[in-house]
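Those protein sequence lines, which keep their order, are chains A and B.
Numbering-wise (my numbering), the first sequence opens with residue 40 and increments by one.
Numbering-wise (my numbering), the second sequence opens with residue 4 and increments by one.
Here a beta-carbon is modelled for each residue, glycine too, at the ideal position from N, C-alpha and C.
Note that the structure is a prediction, hence the values are computed from the model and not measured.
Since the structure comes first, as C-alpha cells, the remarks are kept for the end.
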Amino acid sequence: MRVTSAPRRWMVGPALAALLLGVSLVVPALQAQTSPVALAIPDAKTRQVVEREIARAVSRGLPSAPLVAKVMEGVTKQAAPDRIRAAVAAQAQRLEEARGLLGPTPTEAELVSGAEALAAGIPTAMLKQVRAAWPAQSVVMPLDVLTELVARGVPPKQALERVVTLMRRGATPVQIAGLGAAVQADVAAGLAPDAALEVRARGVMSLLPSPAAAAALAPSGRRP
Amino acid sequence: MSRRRPPHALLLLALLARALGAQGDPLLRLDAGFATIQQPAIGSVRGREIADAALVAAFWRRPLDRSTLLASGNLTYARDSLAAIQGVAALSVPWRREPNLRTDVGVAGASFSLRSAGTGGNANAFVRQHLVRDDDGGWVGGAMGRTRRDGVPSATTSADIGLWRRWRFLYGSASVAYQHSSDWLLLYTAGELDARSEADYDLIDLQLVLQARGGPHDLTLSWTRRRVFADGPLAVPALQGSGTFQLTDRVALVASVGRQLADPMRGLPQADLAMAAVRVSFGPQPLPVMPRAVVAEAVVHREVGADSSGATRPRAILEIRVEASDTAAVTVAGSFSQWDPIPLRWEAGVWVARVPIEPGTHRLGVRVGVGPWRAPRNLARVRDGFGGESGLVVVP
C-alpha cells in the first residue's frame, strides 16, 4: 500500500495545483463574461476599455460598485463609449479624492457620498470640515444633505455652515435628513433655497441641546 | 322606401355594454348630438339628399398592466334614410425593450342601412406600429376589411404611413394611405366612378392635419387630397374642421363641419356634414383632452411592508408621477434599479411608478418616449457626466 500511495500522492499534488490554476483562470473569465458591465456593453472594445478603467481603480483600493453603477447609467442613457469611459474615470478620480479628504479610513458609503458631493461642485476643503465635525461618526447623511442643498442652489458656504452647526450641536442623521426634506418642500412651495435653509435650520437647532451639552454628549466610539 | 334596420347593431351594442360592465374602473366618454348630413342619393339618376341625424358615441379605455385596451362605438340615425353603427376594439402595447415603440392592434365592425349606399355590414382588422418621441413621431400600418353591401361581398386592403410633430401648442401630421378595394358601389355613389363597372380600384390619400391646443380646448383642420385610379385618375379634395371646447371638468362641446370621404375599409359613404354634440366624461378623472407638457415629480414616503425574509417593517417607497401624453411610453431609471428602466403605469390620468428604495442618496431620471432623460422637477439636479442631468433624492 505504501509503495502505491507515494506515486499517487506525487500525482495528486500537481493535479490539484493544475485544477486550482484552472479554476483561478476560468472563474474570473466567467465572472467577466457575466458581470453587469459585460452584459451591458455589447461592444467588445468599449467593454475592455471600461473594464480596464474599473480594474485600475480597484487595484488602487477603490470600490467597484459605484463605477459599475456609472457604467450602467451611461448605457441606459445611450451615451457614447468615450463618454462612458470618461465618466467612469472621473468617478474613480472623485472617489480617490474623497478617500484622501475623508480619511483615515472612510467607509465605502462615505466615499460614494464624498464623490457625489465633489461632483455637485462642493469644494474639497468642505469635505474635510464635515469629517472634522464628526470624526467618529458616519458622515454619509451630512454629505448627502449638503450635496442636495448645493444642487438646489443654496450657496455651498451657507449650506456647509448650517449642516456643520447641526452636526456639532448633536443632531442625529435623521434630523439632518429632515432638514434636507424640509428645504425641498419649501423650495417646491416657492421659497428661495437659501431662505428655506435658514428657516428650517433654526427650527431643527431649536430642538437640539446647547453647544456645551452637545459636547458632553458627543459619542466617542468609531462610526459603524 | 321601406325602413331598413342595421342587422348587427344590437349585437355590437350588447358586446360593448358587456365590456363596459365587466371592467372595474373604466374611463368613459359619451357624446350625444345632432348632425345635418348631405349624402349622395343612389339610383339611376344621381342626386344629393339632406338628412338630419341624431348621433350617440361612446369611448372607453382601460389601462392594463403594460398596455391599454380601448373600445369605441357610435350610432348615427336619421329615420329611414340613414342608420349606421360602428364599433372598434383595440389593444395598445408599448415594447418592453424599446419604450418609445408601441404597437396597436384592433378590430372594427360596422353595420349600416343607408339610402345612398345600401344595407350591409363591414368587418376589418388593423395593426399599426408607432414611434413616439417627446415632440415628434411616426407610424406605419396596414388593415384588411370585408364589406357586404346589398348582398354583394367586397374586400379592401390598405397601408398607411405618417409623421407627426408638435411645436408648443401646435400639432401637425402628414400621412399617405393607399387602399385597394372592390367595393365599387361605394365610390360610384360618391361620384368618383363614372360607370357601374364592378371593377377593383385604387385610392391614394394624402392627408395633412393641423391642430391648435389651448388648455383643454382644441381646434383641428384636416385637408385630404384623394386620387382615385379606376376609369382614369381622378382627384378629390376634402376639407374638414373640428373643435372641442371644454365647459367644465367633465363636460365639453364638440363640433365638426366638412366633407368625409368615402371609406371603403369601413364601408361608409362620402358625406358632407355639420355636427354638434355634448361630450360628458365619466371615471376617476376626466380623460385628458390633449397631451400635456411633461411634468415629473418624485416623492419618498414610508409604508409598512414585508422584506425578503417575510418580516414586516417600515420601508421607503419612491413614487414617480409624470404628466405626459397618454400615448407616450414613460420610464424611470436610477441607482435604485441599477439603471434598469422601469415602465410607468397609466393611472387616473397620470403615469405612475412606486418603487421600494433603500436609504442613501440616489440619482434618477425620467424619460418620455425616446426623449432625453430628465430630472423630476421637484428634485435637486446634478450633471450626470454624459451631457445630461439626473435628479438627486436623499432617503433617510
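- Item | Neighbouring residues, chain A, relative to Arg136 (chain B) (Cβ below 9 Å) | For the purposes of this step, residue 136 (chain B) is identified with residue 133 of the second sequence, where counting begins at 1. Against Arg136 (chain B), chain A offers no close residue; the least beta-carbon distance is about 13 Å (beta-carbon pairs closer than 9 Å).
- Assign Ile53 (chain B) to buried or exposed, taking buried as 16 or more other Cβ atoms, counted over all protein chains shown, within 10 Å of its Cβ. The sequence position of residue 53 (chain B) within the second sequence is 50, counting from 1. Exposed, by the Cβ-count rule.
- In or out: Pro145 (chain A) buried (at least 16 other Cβ within 10 Å) or exposed? Residue numbering aside, residue 145 (chain A) sits at position 106 when the first sequence is read from its first letter. Classification for Pro145 (chain A): buried.
- Query: For Val117 (chain A), which option in B:Ala378, B:Asp205, B:Val373 and B:Val397 has the closest C-alpha, if you only look at C-alpha atoms?
  - Reply: By one-based count along the first sequence, residue 117 (chain A) stands at place 78. Here the sequence assigns Gln to residue 117 (chain A), which means Val is not the residue at that position. For Gln117 (chain A), the nearest C-alpha among the options comes from B:Val373.
- Item | CB-CB length for Gln41 (chain B) against Pro272 (chain B), believed under 8 Å | On the second sequence, position 38 is the one that residue 41 (chain B) refers to. On the second sequence, position 269 is the one that residue 272 (chain B) refers to. That pair is no contact at about 11 Å.
- Query: With a cut-off of 8 Å, does the C-beta of Arg324 (chain B) fall near any C-beta of chain A?
  - Reply: Locating residue 324 (chain B) in the second sequence gives position 321, where the first residue counts as 1. It does not: the Cβ of Arg324 (chain B) has no partner Cβ on chain A nearer than 8 Å.
- Item | Alpha-carbon to alpha-carbon, Ala60 (chain B) and Met278 (chain B) | Looking up residue 278 (chain B) in the second sequence gives position 275. Looking up residue 60 (chain B) in the second sequence gives position 57. Their Cα atoms are separated by approximately 12 Å.
- Task: Determine which residues of the stretch 146 to 160 of chain A have a Cβ less than 8 Å from any Cβ of chain B, and write them out in chain order.
- Result: Ala148, Val151, Ser152, Glu155, Ala158 and Ala159
- C-beta contact flag for Ala120 (chain B) and Arg152 (chain B) at 8 Å: Counted from its first residue, the second sequence places residue 120 (chain B) at position 117. Counted from its first residue, the second sequence places residue 152 (chain B) at position 149. Their beta carbons are under 8 Å apart, which means Ala120 (chain B) touches Arg152 (chain B) by this criterion.
- Kindly indicate which three-state DSSP category Val114 (chain A) falls into: helix, strand or coil? Reading the first sequence from its first residue, position 75 is the one you call residue 114 (chain A). Val114 (chain A) carries a helical assignment under DSSP once its states are collapsed to helix, strand and coil.
- Task: State buried or exposed for Ala68 (chain A), treating a residue as buried only when at least 16 other CB atoms are found within 10 Å of its CB.
- Result: Position 29 of the first sequence, counted from the first residue, corresponds to residue 68 (chain A). Below a pLDDT of 50, predicted positions are generally treated as unreliable, and Ala68 (chain A), at 41, falls in that range; the measurement from the model is reported next regardless. Ala68 (chain A) comes out exposed.
- Message: Quick check: the Cα distance between Gln130 (chain A) and Lys196 (chain A), rounded to an integer number of angstroms?
- Response: Counted from its first residue, the first sequence places residue 130 (chain A) at position 91. Counted from its first residue, the first sequence places residue 196 (chain A) at position 157. Going by the C-alpha atoms only, they are around 24 Å apart.
- Query: For the stretch 96 to 123 of chain A, which residues have a CB atom closer than 8 Å to at least one CB atom of chain B, in sequence order?
  - Reply: Ala108, Lys109, Met111, Glu112, Gly113, Val114, Thr115, Lys116, Ala118, Arg122 and Ile123
- Task: Count the other C-beta atoms from every protein chain shown that fall within 10 angstroms of the C-beta of Val213 (chain A), then say buried if there are 16 or more, exposed otherwise.
- Result: Locating residue 213 (chain A) in the first sequence gives position 174, counting from the first residue. So Val213 (chain A) ends up on the exposed side.
- Item | Every unbroken beta strand (DSSP E) within the stretch 98 to 148 of chain B, with a cutoff of 3 residues, ordered by chain | 104 to 117 and 121 to 135
- Message: Per DSSP, what are the beta-bridge partners of Leu412 (chain B) in this structure?
- Response: No answer is possible for residue 412 (chain B): it lies beyond the span of chain B, which begins at 4 and ends at 399.
- What is the C-beta distance between Thr334 (chain B) and Leu347 (chain B), in whole angstroms, given that I count them as a contact (C-beta under 8 Å)? By 1-based counting over the second sequence, the position of residue 334 (chain B) is 331. By 1-based counting over the second sequence, the position of residue 347 (chain B) is 344. That pair is a contact at about 7 Å.
- Cut-off 8 Å between Cβ atoms - residues of its own chain near Ser103 (chain A), not counting five sequence neighbours on either side: Mapped onto the first sequence, residue 103 (chain A) falls at position 64. Here the set comprises Ile93, Ala96 and Val97.
- Message: What ranges does the alpha helix (DSSP H) occupy inside the stretch 170 to 241 of chain B, keeping only unbroken runs of at least 4 residues that lie completely in it?
- Response: 187 to 192
- Query: Arg138 (chain A): buried (16+ other C-beta within 10 angstroms of its C-beta) or exposed?
  - Reply: For this step, residue 138 (chain A) is matched to residue 99 along the first sequence. When all chains shown are included, Arg138 (chain A) counts as buried.
- Item | Under 7 Å by beta carbon: chain A residues contacting Phe389 (chain B) | Here residue 389 (chain B) is taken as the residue at index 386 of the second sequence, counted from 1. Under the 7 Å cutoff, chain A gives Gly113, Lys116, Ala118, Arg122 and Ala126.
- Query: Closest to His133 (chain B) by CA distance: which of B:Asn125, B:Thr122 and B:Val108 is it?
  - Reply: Here residue 133 (chain B) refers to the residue found at position 130 of the second sequence. That would be B:Val108, whose Cα lies nearest to the Cα of His133 (chain B).
- Whole-angstrom distance between Val212 (chain B) and Thr223 (chain B), CA atom to CA atom: Here residue 223 (chain B) is taken as the residue at index 220 of the second sequence, counted from 1. Here residue 212 (chain B) is taken as the residue at index 209 of the second sequence, counted from 1. Each residue's Cα considered, the two are about 7 Å apart.
- For a contact meaning CB atoms closer than 9 Å, what does Thr186 (chain A) contact in chain B? As a working note, residue 186 (chain A) is residue 147 in the first sequence. Per Cβ cutoff of 9 Å: Thr364, Ala383, Val385, Leu395 and Val397.
- Query: According to the neighbour-count rule (16 or more other Cβ atoms, all chains shown, within 10 Å of its Cβ), is Pro236 (chain B) buried or exposed?
  - Reply: Start at 1 with the first residue of the second sequence, and residue 236 (chain B) comes out as number 233. The residue is exposed, with fewer than 16 neighbouring Cβ atoms inside 10 Å.
- Terminal residues of the beta strand (DSSP E) in which Gln263 (chain B) lies: By one-based count along the second sequence, residue 263 (chain B) stands at place 260. For Gln263 (chain B), the enclosing beta strand (DSSP E) covers residues Val254 to Gln263.
- Let me know if Thr251 (chain B) comes out buried or exposed under the rule of 16 or more other beta-carbons within 10 Å of its beta-carbon. Here residue 251 (chain B) refers to the residue found at position 248 when the second sequence is read from its first residue. With fewer than 16 other Cβ atoms within 10 Å, it is exposed.
- Item | Ala119 (chain A) versus Val302 (chain B): straight-line alpha-carbon distance, rounded | Here residue 119 (chain A) corresponds to residue number 80 of the first sequence, with the count starting at 1. Here residue 302 (chain B) corresponds to residue number 299 of the second sequence, with the count starting at 1. About 31 Å.
- Query: Given that Arg191 (chain A) touches chain B, what residues does it touch there, using C-beta distances under 7 Å?
  - Reply: For the purposes of this step, residue 191 (chain A) is taken as the residue at position 152 of the first sequence. Ordered by position in chain B, the residues that pass the 7 Å Cβ test against Arg191 (chain A) are Ala383.
- What is the DSSP secondary structure of Met206 (chain A), reduced to helix, strand or coil? Reading the first sequence from its first residue, position 167 is the one you call residue 206 (chain A). In this structure, Met206 (chain A) counts as helix in the three-state DSSP scheme.
- Message: Rounding to the nearest angstrom, what Cα-Cα distance links Gln263 (chain B) and Phe115 (chain B) in this structure?
- Response: Numbered from its first residue, the second sequence carries residue 263 (chain B) at position 260. Numbered from its first residue, the second sequence carries residue 115 (chain B) at position 112. Near 16 Å, if we compare the C-alpha coordinates of Phe115 (chain B) and Gln263 (chain B).
- Item | Rounded Cβ spacing between Leu106 (chain A) and Ser152 (chain A) (contact assumed at less than 8 Å) | Here residue 106 (chain A) corresponds to residue number 67 of the first sequence, with the count starting at 1. Here residue 152 (chain A) corresponds to residue number 113 of the first sequence, with the count starting at 1. Not really, about 15 Å apart at Cβ, beyond 8 Å.
- Query: If you measure from the beta carbon of Pro344 (chain B) to each beta carbon in chain A, is any gap under 8 Å?
  - Reply: For the purposes of this step, residue 344 (chain B) is identified with residue 341 of the second sequence, where counting begins at 1. Judged by the 8 Å Cβ criterion, Pro344 (chain B) is in contact with chain A.
- 8 Å contact criterion, which Val410 (chain B) and Arg282 (chain B) should meet: CB distance rounded: Summary: the structure shown does not reach residue 410 (chain B), with chain B confined to residues 4 through 399, and so no result is reported for it.
- Item | Within-8 Å CB hit, Ala336 (chain B) to chain A | The count along the second sequence starts at 1 and reaches residue 336 (chain B) at position 333. Yes, its Cβ sits closer than 8 Å to a Cβ of chain A.
- Taking just the CA atoms, how far does Glu300 (chain B) sit from Gly352 (chain B)? If you number the second sequence from 1, residue 352 (chain B) lands on position 349. If you number the second sequence from 1, residue 300 (chain B) lands on position 297. Rounded to the nearest angstrom, the two C-alpha atoms are 15 Å apart.
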